[in-house]
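Here's the structure we're looking at; comments come further down.
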Amino acid sequence: SELFTDNAVSIEQEASPMFDKETTGLKAMREKRNKFEAMVEKVHSNNISDPLIAGNSIAFLSIMDVTMKGRPRETMSELWVYKVKDGKIISEQFFM
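Each residue of the sequence shown is one higher than the one before, counting from 6 in the working numbering.
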């Protein structure tokens, strides 16, 4: 994506059996996103807040009503924090 640096980092709150704590590089980040999307059976809704900007950080709250494959329907609330340098995103971090 033109919004991210080539060596951007994606950081999860903690490592899990499905995802490492840190993923580095656009290709690996795309693979991570594709892996998550493959786990989703249906997104019923996804509400994303207006951005909150502080210095070089931008944050959004995502509230997703989703059914993951093999699991009951659930609501996922997640804070997304992006750090920017020289006009490009250098990291994204997720908090649940």
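Where is the CB? At the ideal position from N, CA and C, for every residue including glycine.
Reference residue i, options the options, closest by Cα
{"i": "methionine 81", "options": "Thr28, Leu66, Asp55, Ala59", "result": "Leu66"}
{"i": "alanine 59", "options": "Lys47, Val89, Pro77", "result": "Val89"}
{"i": "methionine 23", "options": "Ala43, Val86, Gly30", "result": "Ala43"}
{"i": "serine 54", "options": "Ile63, Lys47, Glu46, Val48", "result": "Ile63"}
{"i": "valine 86", "options": "Lys32, Met101, Leu31, Lys40", "result": "Met101"}
Bridge partners - residue i, DSSP secondary structure assignment
{"i": "lysine 88", "result": "Ser62, Ser96"}
{"i": "glutamate 27", "result": "Ile16"}
{"i": "aspartate 70", "result": "Ser50, Thr80"}
{"i": "leucine 8", "result": "Its beta-bridge partners do not exist; DSSP assigns none."}
Beta carbon of residue i nearer than 9 angstroms to that of residue j
{"i": "isoleucine 68", "j": "valine 14", "result": "no"}
{"i": "glutamate 79", "j": "threonine 72", "result": "yes"}
{"i": "glutamate 27", "j": "glutamate 17", "result": "yes"}
{"i": "histidine 49", "j": "aspartate 25", "result": "no"}
{"i": "threonine 29", "j": "asparagine 12", "result": "yes"}
Bounding residues of the beta strand (DSSP E) (the contiguous stretch that carries residue i)
{"i": "serine 50", "result": "45-53"}
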